[in-house]
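Participant: Counted from 1, the sequence shown has number 802 at position 176 by the numbering used here; the numbering is strictly sequential.
Beta carbons: idealized from backbone N, C-alpha and C, even for Gly.
Please see the structure below; I have some questions.
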Amino acid sequence: MKINDIKELSIQINLNGLSFCILNKTQNSIEFLNTITFDVKQTPDEVLQLLKEELSQQTVFSEDFNAVRVIHQNELSTLVPEELYDEQYKTDYLKFNSRILRNDFITEDRLSTNNSVNVYVPYVNINNYIFDTFGAFEYKHASSILIDALLNLTQEPEEDLTAKAKVYIHVNTASIELLVVNGTQLELFNTFEYYSKEDFLYYILFVFEQLKLDPETTEVELAGHISLGDELYVLLYTYIRHLNFVDKDYNYAIDTDLDRRYLYHYFLILNSFECA
């Protein structure tokens, strides 16, 4: 590394795992990308301890970073149209959709792609530790990044905006984020926790039924923790015909050993640099 290289670190926090990515902006390349999956779901305090261990063991994290960002990934979020949003009621917005505690800290992200406000609960213990370790940093909810990134994809010139609704499914170890986009408009976003492959399938087909989407003709694009031929993919393909993986050209090179065909596994954290 040259002494004046500009580097940014992105950390994705989930109670089922951690992901890390380093972007060298001077070289315009991703030079570190790693995901850790936990055997069982952890508590926020346990995740903090595992994060501390990982940051202390990897020498790449001892470098000076020009920017650090944290992605909070949980089900504690809700979208509110910007014209209806009133900050003093953000607790009320969230409690309709999520189980929150009296002392939970609630914040929001502004989404310019669809003029909405994403109200959510971040992991405060993680934020405090990151600030103590790296100083000033940025943080966002995972759903904010997904919505921005996928809506931006629909605005690319090669996209057929006359097509019917398209479904995007971002798969995690024990949850999915599901978006339905019609043209350039977000028709639905929701997060579902699943405990079995049957749960996984049920929630997806439930959305299809509620929105009257045809599994034989509706296009579905997948990202995250799913691969061609694995159990979840095979089950989904039994009921939905048009399955593809999200394909995106990034504005930087990938200098790790990762095959570019599998970048969809890291769609969320890679887009955290572009949706900052």
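Got a sec, what are the start and stop residues for the alpha helix (DSSP H) Q668 sits in?
Facilitator: Counting along the chain, Q668 falls outside any alpha helix (DSSP H), and DSSP gives it neither H nor E.
Participant: Can you round the beta-carbon distance between F658 and V686 to whole angstroms, since I take them to be within the 8 Å contact cut?
Facilitator: At roughly 5 Å, the Cβ-Cβ gap stays under 8 Å, so F658 and V686 are in contact.
Participant: Can you give the Cα-Cα distance for A762 and L804, rounded to whole angstroms?
Facilitator: When rounded, the distance between both Cα atoms is 32 Å.
Participant: Taking 6 Å as the limit between beta carbons, can you name the residues of its chain near E568, skipping five residues before and five after?
Facilitator: What is shown of the chain runs 627 to 902, which leaves residue 568 out entirely.
Participant: Could you pull out every residue in the same chain whose Cβ sits closer than 7 Å to the Cβ of L753, ignoring the five residues on either side in sequence?
Facilitator: Before going further, note that residue 753 is Asn rather than Leu in the sequence given. Answer for N753: V696, Y765, listed in chain order.
Participant: State whether the stretch 649–663 contacts the stretch 814–831, with contact taken as three or more CB pairs (one from each stretch) at a distance under 8 Å.
Facilitator: The stretch 649–663 vs the stretch 814–831: no contact.
Participant: Please work out which residues of its chain come closer than 6 Å, Cβ to Cβ, to V797, disregarding the five sequence neighbours upstream and downstream, and give them in chain order.
Facilitator: The residues are G850, H851, I852.
Participant: Can you give me the start and stop residues for the alpha helix (DSSP H) that E824 sits inside?
Facilitator: First-last of the alpha helix (DSSP H) with E824: 823–836.
Participant: State the DSSP-derived secondary structure class of E708, mapped to helix, strand or coil.
Facilitator: Helix.
Participant: The beta strand (DSSP E) spanning E764 covers which residue range?
Facilitator: Per DSSP, E764 belongs to the beta strand (DSSP E) from 764–767.
Participant: How do the stretch 853–866 and the stretch 633–640 stand: do at least 3 beta-carbon pairs fall below 8 Å, yes or no?
Facilitator: No: the two stretches stay apart, fewer than three of their Cβ pairs being nearer than 8 Å.
Participant: Measuring alpha carbon to alpha carbon, tell me which residue in Q781, F691, N897 is nearest V807.
Facilitator: Among Q781, F691, N897, the Cα nearest to that of V807 is on Q781.
Participant: Please report the straight-line C-alpha distance between K716 and V694, rounded to a whole angstrom.
Facilitator: Answer to the nearest angstrom: the Cα atoms are 26 Å apart.
Participant: Which two residues bound the contiguous beta strand (DSSP E) that contains F815?
Facilitator: Where F815 is concerned, the enclosing beta strand (DSSP E) stretches over 811–819.
Participant: Just to confirm before moving on: does the CB-CB distance between L702 and S724 stay below 7 Å?
Facilitator: In this structure, S724 lies closer than 7 Å to L702 by Cβ.
Participant: Where do the ends of the beta strand (DSSP E) carrying N870 lie?
Facilitator: Start and end: 868–871.
Participant: For the 8 Å Cβ check, are there 3 or more pairs between the stretch 887–902 and the stretch 675–684?
Facilitator: Segments in contact, no.
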